[in-house]
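**Q**
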Amino acid sequence: MRLFIPGPVSVSKEINDAMQKEMIGHRGKEFAEVFGECSNGLKEVFQTKNRVLISTSSGTGLMEAAIRNCVSENVLMVECGAFGKKWVDIAKACGKNVDVLHVEAGKAVNHEELQAKLSTKKYEAVCVTHNETSTGVANDLKSIAPIIKDNGALFCVDTVSSMGGANIPVDEIGLDVCLTSSQKCFSLPPGLSFASISEKALEKSRNVKGKGYYFDFVELAKEYDTNQTPYTPAVGLIFGLRAQLKGMLDEGLSNVWARHIAFANETQKWALSKGLGLFAQEGNRSVTVTCVENTKKINLEEVKKKVKAKGYVMDAGYRKLNDELLASGRNETLRIPHMGNLTLQELKAYLDTLSIEMGL
Ligand code: PLP
341 MRLFIPGPVS
351 VSKEINDAMQ
361 KEMIGHRGKE
371 FAEVFGECSN
381 GLKEVFQTKN
391 RVLISTSSGT
401 GLMEAAIRNC
411 VSENVLMVEC
421 GAFGKKWVDI
431 AKACGKNVDV
441 LHVEAGKAVN
451 HEELQAKLST
461 KKYEAVCVTH
471 NETSTGVAND
481 LKSIAPIIKD
491 NGALFCVDTV
501 SSMGGANIPV
511 DEIGLDVCLT
521 SSQKCFSLPP
531 GLSFASISEK
541 ALEKSRNVKG
551 KGYYFDFVEL
561 AKEYDTNQTP
571 YTPAVGLIFG
581 LRAQLKGMLD
591 EGLSNVWARH
601 IAFANETQKW
611 ALSKGLGLFA
621 QEGNRSVTVT
631 CVENTKKINL
641 EEVKKKVKAK
651 GYVMDAGYRK
661 LNDELLASGR
671 NETLRIPHMG
681 NLTLQELKAY
691 LDTLSIEMGL
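Okay, so the sequence shown: first residue is 341 according to the working numbering, each after it adds one.
Written as structure tokens, this is what we have:
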């Protein structure tokens with residue numbers, strides 16, 4: 341069964357085989373070598389000289405870590421959809437004072453509104469979802485970075501569904517925390533997440549109280565510098581990560597990014613040629629997931645069943661968003677993910693299947 345849901349994505353036989361290697365202890369030389377290779381590879385993908393921590397948790401764990409380590413009291417959340425909302429909920433659950441800049445679903449953050457919110461200069465950090473998986477919107481990190489930096493806040497970004505597919509130069513943009521998960525553009529099983537941490541973020545963490553134990557950046561960084569983790573890591577998944585990073589670097593990162601742009605172009609072209617709509621605003625459309633407006637009011641649950649019989653698991657849109665859209669008299673959406681170890685032929689074959697089963 342081929343997964344065409346926005347994570348987890350299908351894992352190749354090569355990566356599955358790499359993860360079947362005989363188990364080793366995580367305090368030995370062999371593990372340190374594997375870990376070292378992974379941290380170097382991740383630095384290349386993230387385009388950073390900072391540490392890129394490897395966490396045995398899904399991305400949500402590192403979203404919580406960003407809050408716990410970078411915020412004593414006040415944080416601003418840019419909420420463009422379900423995953424922005426998730427960060428709001430996490431920060432509230434961590435007892436922080438949370439202000440929210442709501443952005444209409446399908447739209448990217450507006451610079452003037454962000455500037456207005458930040459002019460109080462009270463926020464220690466601003467959290468942004470780069471690629472809002474629920475709506476297919478990609479915020480332009482480069483253009484919003486100066487607004488955040490000039491106001492003295494740390495810039496924390498969720499790239500769970502974009503890092504490894506989109507070109508995100510962490511150091512050039514100046515991201516303080518940039519986190520992602522293994523099960524999307526890295527085409528690995530769920531269970532690992534990665535976060536680059538700037539020196540500024542680390543400095544902040546040294547001075548924040550009550551940041552908990554498991555996700556303490558200072559402790560994680562200390563062990564990281566000796567190619568270790570403070571606690572038992574998911575060794576098998578890290579074998580898979582080494583193989584996946586090798587594959588990405590062998591392909592060439594610029595080719596990986598170009599492939600994802602080609603996927604997005606192909607999918608957008610397909611949707612428009614079939615008379616469907618694109619939910620995300622022009623200029624801010626994701627290269628890893630396309631959110632399609634079901635302008636023809638096709639029964640997506642029926643399509644999902646038919647597509648399954650052809651060997652695909654289809655996404656029929658983010659349920660909560662669709663419920664809200666339908667309640668306000670608008671069309672629901674479906675999402676077409678195009679991330680990770682996918683070829684253009686495989687994507688085209690999937691789009692052809694959708695065309696048939698949607699009767700387009
Ligand atoms: N942020 C975004 C943009 C996501 O798409 C997801 C998961 O789909 C998450 C955060 C949560 O990540 P995880 O499921 O790895 O905890």
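Don't be surprised by glycine CBs; every beta carbon is placed ideally from N, CA and C.
If you're wondering where the values come from, they're calculated on a predicted model, not measured in any experiment.
My assumption, with CB atoms under 8 Å, is that Asn398 sits in contact with Pro530. Please give the rounded CB distance.
**A** For clarity, residue 398 is Ser in the given sequence; the question names Asn instead. Yes, Ser398 and Pro530 are in contact; Cβ-Cβ is about 6 Å, under 8 Å.
**Q** Where does Gln685 land, buried or exposed, given buried means 16+ other C-beta within 10 angstroms?
**A** Result: exposed.
**Q** On a CA-only basis, which of Gly587, Leu665, Ser613 is nearest Leu682? Give me that one, please.
**A** Answer by Cα proximity: Gly587.
**Q** The alpha helix (DSSP H) spanning Cys378 covers which residue range?
**A** 369 to 386 is the extent of the alpha helix (DSSP H) around Cys378.
**Q** Go ahead and pull the three-state DSSP assignment for Ala689.
**A** Looking at Ala689 - three-state DSSP - the assignment turns out to be helix.
**Q** Measure the beta-carbon distance from Arg582 to Val449 and round it to whole angstroms, keeping in mind my assumption that it falls under 8 Å.
**A** Going by Cβ atoms, the distance from Arg582 to Val449 rounds to 36 Å, so no, they are not a contact pair.
**Q** Determine whether the beta carbon atoms of Phe619 and Glu641 lie at a separation below 8 Å.
**A** In this structure, Glu641 does not lie closer than 8 Å to Phe619 by Cβ.
**Q** Determine the extent of the alpha helix (DSSP H) in which Ile487 is found, giving its start and end residues.
**A** Counting along the chain, the alpha helix (DSSP H) containing Ile487 begins and ends at 481 to 490.
**Q** Does ligand 1 have even one heavy atom less than 7 Å from the beta-carbon of Lys614?
**A** Not under cutoff, so the answer is no.
**Q** My guess is that Val438 and Val468 are in contact by the Cβ rule of under 8 Å, so how many angstroms apart are they, rounded?
**A** Not a contact, Cβ separation roughly 14 Å.
**Q** Could you please give the first and the last residue of the uninterrupted alpha helix (DSSP H) stretch that includes Val510?
**A** Here the alpha helix (DSSP H) through Val510 covers 510 to 513.
**Q** Tell me, to the nearest whole angstrom, how far the beta carbon of Leu542 is from that of Ile508; I am working on the premise that it is less than 8 Å.
**A** Actually they do not touch by this definition, with Cβ atoms about 20 Å apart.
**Q** Tell me whether Leu441 sits in a helix, a strand or coil according to DSSP, three-state version.
**A** In the structure shown, Leu441 sits in a strand (DSSP, three-state: E or B).
**Q** Can you determine whether any heavy atom of ligand 3 sits closer than 7 Å to the C-beta of Asp498, and answer yes or no?
**A** Judged by which ligands are present, ligand 3 is missing from the structure shown, whose ligands are ligand 1.
**Q** Any idea which residues DSSP pairs Asp781 with across the strands?
**A** Past the edges of the chain, shown from 341 to 700, lies residue 781, and the structure says nothing about it.
**Q** Starting from the C-beta of Leu665, find all residues in its chain whose C-beta is less than 6 Å away, skip the five residues before and the five after it, and write them out in chain order.
**A** Here the set comprises Glu672.
**Q** Since Asp655 sits in a beta bridge, which residues does DSSP pair it with?
**A** Answer is Arg675, bridged to Asp655.
**Q** Please list the terminal residues of the continuous beta strand (DSSP E) segment that includes Phe344.
**A** Residues 342 to 344.
**Q** In whole angstroms, what separates the C-alpha of Ser501 from that of Phe603?
**A** Cα to Cα, the separation comes out at about 15 Å.
**Q** Please determine whether the Cβ atom of Gly446 lies at a distance below 7 Å from any heavy atom of ligand 1.
**A** No, the Cβ of Gly446 stays beyond 7 Å of every heavy atom of ligand 1.
**Q** What residue does the alpha helix (DSSP H) around Leu612 start on, and which one ends it?
**A** Here the alpha helix (DSSP H) through Leu612 covers 593 to 613.
**Q** With respect to the beta strand (DSSP E) encompassing Leu416, which residues constitute its N-terminal and C-terminal limits?
**A** Segment 414 to 419, the beta strand (DSSP E) holding Leu416.
**Q** Whole-angstrom Cβ separation of Ser538 and Glu464, contact assumed at under 8 Å?
**A** About 14 Å; that fails the 8 Å criterion.
**Q** Taking a contact to mean a Cβ-Cβ separation below 8 Å, would you say Val497 touches Gln387 in this structure?
**A** It is not a contact, given that the beta carbons lie outside the stated cut-off.
**Q** Check each candidate in Lys436, Gln455, Glu563, Ser527 and name the one with the smallest Cα separation from Ile394.
**A** Out of Lys436, Gln455, Glu563, Ser527, Glu563 has the C-alpha closest to the C-alpha of Ile394.
**Q** What is the DSSP secondary structure of Ala541, counted as helix, strand or coil?
**A** Correct three-state label for Ala541: helix.
**Q** Considering only their Cβ atoms, is the gap separating Ala405 from Phe555 smaller than 8 Å?
**A** Going by C-beta atoms, Phe555 is nearer than 8 Å to Ala405.
**Q** Could you check if Lys551 is buried or exposed, using at least 16 other CB atoms within 10 Å of its CB as the buried criterion?
**A** It is buried - the Cβ of Lys551 has at least 16 other Cβ atoms within 10 Å.
**Q** Please state the DSSP three-state secondary structure of Ala433.
**A** Three-state result, Ala433: helix.
**Q** How about His442 and Ile487: are their beta carbons less than 8 Å apart?
**A** Result no, Cβ atoms of His442 and Ile487 do not sit closer than 8 Å.
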